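In mature numbering (1 follows the signal peptide of the UniProt record, and there is no 0), the protein residues as written are -23 to -1, 1 to 565.
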């Protein structure tokens, strides 16, 4: 009895061991989690395309619009100086700011603030020896009406670069306290209140520090050692995660300042070191002044001219301060090149060189420079924006790319206007700045339809020697380049003689008509033959020749279930069942 029980158990164990074990599903690597740091730029309004001839003696056209700022910037400081007498020239910018820039940037989650000089706080009108609470409040409202509210902006920034007296500090403290009721953390209404300075004179700040969201520290021309020193100096008054260090680019026609915050090798630059320090020490983030001068030098012709920038250092520092890996940056850059190549007709050799540079990159700068170029002029794509590209990677372009590849193959040797138009529309869409999934789907479907319509059918006709039709035509349709094969029909009472035209080939935009010619059989033979029903061919069905199916090999890591394994398993189960039945009989 025990022996039989043991044998049954052994057989059952064997059965279980033969059940194929499914391999664990392969899961895609989780999307990289990055730090969401603040990144602010000082936007020099007099260099906007809408601000022409304001605060400049240079004849060059401005090239930038506020909506051109890179993605990943979440605070724009509208920094504006309009010399007396030029107010009329500045009006188009402020109109555009209210009607277009502000709504579009708000939709992107960007806050816009207005900077003004600290000395403006001291211009409060008052009657007695010191302003009353009402006079402070009235002046605070007047500042909001002058600088912020008419354009729907989100806050103010006080630019402190002077050394006020103790009496002046008392007045500025009062105005700041009054403003804090309407903007900043105490107002709790989504607005921002910033204080920015280039020194460590804490007197104008220490009594009112709790009223500010961020302290922006101008440390132009300095590395992370100064960042650490300044953060420690302000630590008694504001937390590290509200401390925002900032650097700059060379301003045009600057007669004396020489900051040099960009430098090659990249790891030795102030931009890299400050971004890295801010990320690793939980600072608020970082800012850049005059970012429209990104990549310019203090040499000719840069110092005395205005020209477009690829914003290479700005875009790289956004990635750096937020902790993006080189691998993520590589994926973003490759995605960008793969989608723009259809619209820009980039030479294959250029793409291969860029791909090699991206693959061999040691840091974020190396990746970005492969696409953006070291200057605007030598870029493959000077407007490439890594953070925006990350958003676009969520839209599947595989179907669009396949359709474009097919269209390009056809158009190499054939000029089909409707196909070329649909091809270019899709290429320009996915090669542009941004697009939506619906836009891509619509344009792809249009191209697929154009591809379908660009292929002419293959028709087989069946006639007797006099040219009379004796059977329905056969019409084949297929995709461009697919092969077709035509064969004669068996037609009752007729004998096949010959075929005139192609019997095999590939589908193209040129129609193919092949005629199969038959001879009527001898009437005496036809008397005894039974008439058969004519073959009905559905001419609407696609009937292109398809390649023979090939055997499917298991993927790497998969084990095939062999016939013998299945046979042994079934035999083992049967044996177990027989033994179990015998056991029951013995028990009875």
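Glycine included, each C-beta is placed from N, C-alpha and C at the ideal position.
Computed from a prediction, not measured in an experiment: that's the story for all the values here.
Here's the rule I'm using: 16 or more other beta-carbon atoms within 10 Å means buried, otherwise exposed. How should residue 58 be labelled? As a first step, residue 58 must be located in the chain shown, where it is residue number 81. Residue 58 counts as exposed, since fewer than 16 other C-beta atoms from the protein chains shown sit within 10 angstroms of its C-beta.
Nearest-angstrom Cα distance between residue 456 and residue 328? Residue mapping note: residue 456 aligns to position 479 of the chain shown, counting from 1. Residue mapping note: residue 328 aligns to position 351 of the chain shown, counting from 1. Their Cα atoms are separated by approximately 29 Å.
Grouping DSSP H, G and I as helix and E and B as strand, with all else coil, what is residue 481? Walking along the chain shown from the start, residue 481 turns up at place 504. Residue 481 falls in the strand class under three-state DSSP.
Nearest-angstrom Cα distance between residue 155 and residue 165? Indexing the chain shown from 1 puts residue 155 at position 178. Indexing the chain shown from 1 puts residue 165 at position 188. Rounded to whole angstroms, residue 155 to residue 165 spans 14 Å at the Cα level.
Under 8 Å, with one C-beta from each stretch per pair, do the segment 64 to 81 and the segment 107 to 118 reach the 3-pair mark? Flag = no, the segment 64 to 81 and the segment 107 to 118 do not touch.
Assuming residue 181 is part of the alpha helix (DSSP H), what are its boundary residues? The residue you call residue 181 lines up with position 204 of the chain shown. Residue 181 -> alpha helix (DSSP H) spans 180 to 183.
Take residue 95 as the anchor and find which of 174, 65 and 17 has the nearest alpha-carbon. As a first step, residue 95 must be located in the chain shown, where it is residue number 118. Nearest C-alpha to residue 95: 174.
By DSSP, does residue 102 sit in helix, in strand, or in coil? Taking the chain shown and counting its residues from 1, the one referred to as residue 102 is at position 125. Residue 102: coil per DSSP, three-state reduction.
Leaving aside the five residues before and after residue 366 along the sequence, list all residues of the same chain whose C-beta is less than 7 Å from its C-beta, in chain order. For the purposes of this step, residue 366 is taken as residue 389 along the chain shown, with counting starting at 1. Cβ neighbours of residue 366 beyond the five flanking positions: 309, 312 and 313.
Cβ of residue 229 within 7 Å of any heavy atom in the ligand NAP? Ligands in the displayed structure: none, and consequently the ligand NAP is not present.
Output the distance between the C-alpha atoms of residue 222 and residue 249, rounded to the nearest integer angstrom. Translated into the one-based positions of the chain shown, residue 222 becomes position 245. Translated into the one-based positions of the chain shown, residue 249 becomes position 272. Approximately 12 Å between the Cα atoms of the pair.
Step through the CB atoms of chain C and report whether any lies within less than 8 Å of the CB of residue 112. The question asks about chain C, but that chain is absent: this structure has only one protein chain.
Specify the secondary structure class of residue 466 as computed by DSSP and reduced to three states. Taking the first residue of the chain shown as position 1, residue 466 is located at position 489. Here residue 466 sits in coil by DSSP.
Just grab the DSSP bridge partners of residue 638 for me. Not covered by the structure: residue 638. The range shown for the chain is -23 to 565.
Coil, strand or helix - residue 533 by DSSP: On the chain shown, residue 533 is found 556 positions in, with the first residue counted as 1. At residue 533 the pLDDT is 40, less than 50, meaning the model places this residue with poor confidence; the figure from the coordinates comes in the next sentence. Reduced to three states, the DSSP call for residue 533 is coil.
Assuming residue 291 and residue 61 make a contact with CB atoms under 8 Å, what is their CB distance in whole Å? Numbered from its first residue, the chain shown carries residue 291 at position 314. Numbered from its first residue, the chain shown carries residue 61 at position 84. That pair is no contact at about 32 Å.
Coarse secondary structure for residue 295, derived from DSSP in three states: Taking the chain shown and counting its residues from 1, the one referred to as residue 295 is at position 318. In the structure shown, residue 295 sits in a helix (DSSP, three-state: H, G or I).
Please name the residue, chosen from 442, 446 and 481, that lies closest to residue 453 on a Cα-to-Cα basis. Stepping through the chain shown from its first residue, residue 453 is reached at position 476. Answer by Cα proximity: 481.
Please return the same chain residues whose Cβ sits closer than 7 Å to the Cβ of residue 159, not counting the five positions on each side in sequence. If you number the chain shown from 1, residue 159 lands on position 182. Cβ neighbours of residue 159 beyond the five flanking positions: 117 and 121.
Evaluate residue 147 with the Cβ neighbour count: other Cβ atoms within 10 Å of its Cβ, from every protein chain shown; 16 or more gives buried, anything less gives exposed. Looking up residue 147 in the chain shown gives position 170. If you draw a 10 Å sphere on the C-beta of residue 147, you find fewer than 16 other C-beta atoms in it, and that means exposed.
Top-ranked residue by Cα proximity to residue 52, from 23, 45, 19 and 293: For the purposes of this step, residue 52 is identified with residue 75 of the chain shown, where counting begins at 1. Ranking 23, 45, 19 and 293 by Cα distance to residue 52 puts 19 first.
Do you know whose CA, among 115, 263 and 167, lies nearest residue 151's CA? Counted from its first residue, the chain shown places residue 151 at position 174. Comparing Cα-Cα distances from residue 151 to each of 115, 263 and 167, the minimum goes to 115.
Same chain, Cβ closer than 7 Å to residue 518, neighbours up to 5 away in sequence not counted: Counting from one through the chain shown, the residue named residue 518 turns up at place 541. Its pLDDT being 39, under 50, residue 518 is placed unreliably by the model, and the measurement read from it follows with that caveat. Nothing meets the Cβ criterion.
Please report the straight-line C-alpha distance between residue 102 and residue 346, rounded to a whole angstrom. For this step, residue 102 is matched to residue 125 along the chain shown. For this step, residue 346 is matched to residue 369 along the chain shown. Going by the C-alpha atoms only, they are around 53 Å apart.
Okay, do the segment 425 to 432 and the segment 393 to 404 touch, 3+ Cβ pairs below 8 Å being the bar? Judged by Cβ distances under 8 Å, the segment 425 to 432 makes contact with the segment 393 to 404, as three or more pairs qualify.
For residue 78, the nearest candidate out of 128, 32, 205 and 30 (CA to CA): Here the question's residue 78 lines up with position 101 in the chain shown. Of the candidates 128, 32, 205 and 30, the one whose C-alpha sits nearest the C-alpha of residue 78 is 128.
Report yes if the CB atom of residue 286 is closer than 8 Å to the CB atom of residue 272, and no otherwise. Taking the first residue of the chain shown as position 1, residue 286 is located at position 309. Taking the first residue of the chain shown as position 1, residue 272 is located at position 295. For residue 286 and residue 272, yes; Cβs fall inside 8 Å.
Could you give the distance in angstroms between the alpha-carbon of residue 420 and the alpha-carbon of residue 375? The sequence position of residue 420 within the chain shown is 443, counting from 1. The sequence position of residue 375 within the chain shown is 398, counting from 1. Between residue 420 and residue 375, the C-alpha separation is close to 13 Å.
Which residues does DSSP list as the beta-bridge partners of residue 435? As a working note, residue 435 is residue 458 in the chain shown. 453 and 489, per the DSSP bridge assignment.
On the premise that residue 17 lies in contact with residue 193, defined as a C-beta separation below 8 Å, what is that separation, rounded to the nearest angstrom? On the chain shown, position 216 is the one that residue 193 refers to. On the chain shown, position 40 is the one that residue 17 refers to. The Cβ separation is near 7 Å, so the contact holds.
How do the segment 204 to 220 and the segment 252 to 271 stand: do at least 3 beta-carbon pairs fall below 8 Å, yes or no? Yes: at least three Cβ pairs fall under 8 Å.
Starting from residue 188 and walking both ways along the beta strand (DSSP E), at which residues does that stretch end? Taking the first residue of the chain shown as 1, we reach residue 188 at position 211. Taken as a continuous stretch (DSSP letters only), residue 188 belongs to no beta strand (DSSP E), as it is neither H nor E.
C-alpha distance - residue 87 paired with residue 56, whole-angstrom precision: For the purposes of this step, residue 87 is identified with residue 110 of the chain shown, where counting begins at 1. For the purposes of this step, residue 56 is identified with residue 79 of the chain shown, where counting begins at 1. Straight-line Cα distance between these residues: approximately 16 Å.
Enumerate in chain order the residues of its own chain whose CB-to-CB distance from residue 372 is below 8 Å, with the five nearest sequence positions on each side excluded. Here residue 372 corresponds to residue number 395 of the chain shown, with the count starting at 1. If we look at residue 372 and ignore the five residues flanking it on each side, its Cβ neighbours are 412, 413, 414 and 417.
DSSP has residue 265 in a bridge; who is on the other side? Start at 1 with the first residue of the chain shown, and residue 265 comes out as number 288. Note: residue 265 sits in a beta bridge opposite 18 and 224.
Within this structure, are the beta carbons of residue 408 and residue 471 separated by less than 8 Å? As a working mapping, residue 408 is identified with position 431 in the chain shown. As a working mapping, residue 471 is identified with position 494 in the chain shown. No.
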